[in-house]
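For the sequence shown, my numbering assigns the number 74 to the initial residue and increments by one for each residue that follows.
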Amino acid sequence: MAAGGAALGLLALLLAIVVLYPQLPDTSGLAHYQPKQPLRVYTADGVEIGGFGNEKRQYLPFDQIPKLMRDSLLAVEDARFYEHPGIDMIGVLRAIVANLTHRRTQGASTITQQVARTFFLTREKTISRKLKEALLSLKIEHELSKDQILALYMNQIYLGARAYGFAEAAQTYFGKPLSALTPAECAMLAGLPQNPANANPIRSPERARARQLVVLMRMHGQGVIDDAQYEAAKAEKLGVRAPGDMEVHAEYVAEMARAQVYARYGEEAYSTGMKVVTTLRANEQQAAYKAVRKTLIDRELQMAWRGPEDHEELDDSLDDTDPAVSQALIDYNDDEALRVAIVTEAGVKKVVAVLASGEVVTISGKGLRQAQPGLTAKASAELKIQRGSVVRLFQQGKDWTLTQWPEAESALVALNPNDGEVHALVGGFDFRSNQFNHVTQGWRQPGSSFKPFLYAAAMENGVMPETIVNDAPLSGLGDWSPQNADGSADG
């Protein structure tokens, strides 16, 4: 009876293969893989200032993917990749049994199976989909080399934070090329495919760290790294980039370039790898950005306290170091200078707050001067700072100041007077919070806009700020004479 049942099962499997194989998609296009690549915008001296597209990706051919990165990935995802024919039969049988008995699949897929699923299939967990995946894997292995398959996987897969492929992930998380990664950084990236959206080092540092340690253990066990490298990698503190952290901030210019390219090429602009080189100079642009930011922050530190930015309910049982505290800030813009924080303890002389990174900060003394109206017992509900208040912290040296987001805006543009090239342009305090470009979209009174040029010309001709000018109406100019908007002529 058992033999007969096995024979019937085998016959059913063969019949399913005969039925499914003709339905498999054409895989020949994989040999000519051309992934979607975003529109990228650069300064005149080659610094990237923006990327636009649904899939942020930097394509690397196999021979440019570092061996350390390849080996780190295979150690945790598919250690027998170069030995199996594309499918792990034991894993497939285990998945089929689990599907029949528990209504779900189990076991890890091979790299080739993940390529088949990523390019051609849905993530539906059924027997027919699993059989198609296995057949597609065999077909792909027949048509492509192992190196080609691995390159497809490492360029195509999603790795969180809108990054596709390992080259883009290296830039997104560490701000460096794939070739410059340490074993610890390679292990962090190699652990991302399991759960890229919710266990990456930006969104969930603790979960990403736990996964990294698993990868390092596998790398060590399979000889990818030696004992000394293993211990050093476990101890290495990774410098993960904050979201929006850029070498040069020129978001307003990048958006101007994007709009112009999109107007000409439409959706094609976001997927064909177009590159736009602007006339910006990286050092001048960054200096302009810092000048605008410093001016507005310095001004805001002198302003009256307007109250917390928002409020989040925190359970009284939560300790400051509990991940749930910092997770309450996940939807807030964590600015590089005005750090978003949630208050866990508030008093007249001391405030304790937790940053989005999980760091616990204590503010006291002069750091509470601006916020004092919100710390008194008689503070109004609008001004009151209490547990759960979302505030902004500004760091000067080792000291922190409790402050608020600037209400005022500013802008700066620097042009080459000889040819009109824009060397620097800052459209506002923070592009993520306000995309309105005060340089190009702010309609200013032409008279006021012209004053800096008039003053500059006057100074060149010996007129000083203390020069006395007769404040009287001008006449003798024909039908027109200058006057203020209200019709008066006084200065």
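Beta carbons are placed, not taken as given, at the ideal position from N, Cα and C, and that holds for glycine.
Practice prompt. Put I230 into one of helix, strand or coil per three-state DSSP.
Written response: coil
Discussion item. Between the alpha carbons of T178 and T199, how many angstroms are there, rounded?
Written reply: Note that T178 has pLDDT 48, beneath the 50 cutoff, so the model's placement of it is unreliable and no number is given.
Fill in: Span separating the alpha-carbon of Q556 from that of D544
11 Å
Worksheet item: If you check the beta carbons only, do R379 and A410 fall under 8 Å apart?
Response: no
Fill in: Exposure of F526, with buried meaning 16 or more beta-carbon neighbours within 10 Å
exposed
Worksheet entry | Rounded separation between T474 and V413 - CA only | 12 Å
Item to complete: Identify the continuous beta strand (DSSP E) that holds A257 and give its terminal residues.
Response: That residue, A257, is in no beta strand (DSSP E); its alpha helix (DSSP H) goes P256 to A263.
Worksheet item: What do you reckon, are the CB atoms on Y335 and N510 nearer than 8 Å?
Response: no
Fill in: Under 8 Å between C-beta atoms of P479 and F502
yes
Worksheet item: With DSSP run on the structure shown, which of helix, strand or coil describes A117?
Response: coil
Worksheet entry | A281 versus G493 - alpha carbon distance | 48 Å
Discussion item. Using the Cβ count rule (16 or more neighbours within 10 Å means buried), how would you classify H215?
Written reply: exposed
Fill in: Alpha-carbon to alpha-carbon, D472 and E456
Going by the sequence as given, residue 456 is Leu instead of Glu. Whole-angstrom Cα-Cα distance: 23 Å.
Fill in: Rounded separation between L428 and I415 - CA only
7 Å
Worksheet item: Is it true that the CB of S344 sits closer than 8 Å to the CB of Q110?
Response: yes
Fill in: Pairwise C-alpha distance: G515 and L264
Looking at the sequence shown, residue 264 is not Leu but Gly. Using only the alpha carbons, I get a separation of about 46 Å.
Worksheet item: Is T185 helix, strand or coil when you go by DSSP?
Response: helix
Discussion item. For R354, which residues in the same chain have their Cβ closer than 8 Å to its Cβ, ignoring the five residues on either side in sequence?
Written reply: T116, A117, D118, H496 and A497
Worksheet item: Under a Cβ-count criterion, where at least 16 other Cβ atoms within 10 Å of its own Cβ denotes burial, should G440 be classed as buried or exposed?
Response: buried
Worksheet item: Which first and last residues belong to the alpha helix (DSSP H) in which D144 is found?
Response: K140 to E150
Discussion item. I'd like to know if the segment 429-436 and the segment 400-407 are in contact, where contact means that at least 3 CB-CB pairs between them fall below 8 Å.
Written reply: yes
Discussion item. What would DSSP say about S252, mapped onto helix, strand or coil?
Written reply: helix
Discussion item. I'd like to confirm the pairing. Which residues does DSSP put opposite E309 in its beta bridges?
Written reply: None; E309 has no bridge partner.
Worksheet entry | Distance, A487 Cα to A364 Cα | 12 Å
Fill in: Collapsed DSSP secondary structure at V350 in the structure displayed
strand
Discussion item. Only counting the same chain, and skipping five residues up and downstream in sequence, which positions put a Cβ closer than 6 Å to that of G159?
Written reply: T185, S210, L211 and E214
Worksheet item: Looking at the structure shown, is D492 part of a helix, part of a strand, or coil, going by DSSP?
Response: coil
Item to complete: May I ask which residues mark the beginning and end of the alpha helix (DSSP H) holding K367?
Response: A355 to E373
Worksheet item: Quick one, which of R113, D99, A236 and L387 has its alpha-carbon nearest R331's?
Response: R113
Discussion item. Spatial neighbours of R442 within its chain, please: C-beta separation below 6 Å, excluding the five flanking residues on both sides.
Written reply: none
Worksheet item: So, V425 versus L466, is the Cβ gap smaller than 8 Å?
Response: no
Worksheet item: If you pair each beta-carbon of the segment 126-134 with each one of the segment 142-158, do three or more pairs fall below 8 Å?
Response: no
Worksheet entry | Residue environment, G447, which counts as buried when at least 16 other CB atoms sit within 10 Å | buried
Worksheet entry | CA-to-CA distance, T183 to E156, given in whole angstroms | 11 Å
Practice prompt. List the whole-angstrom C-beta distance separating N273 from G233, where the pair is believed to meet the contact cut-off of C-beta under 8 Å.
Written response: 4 Å
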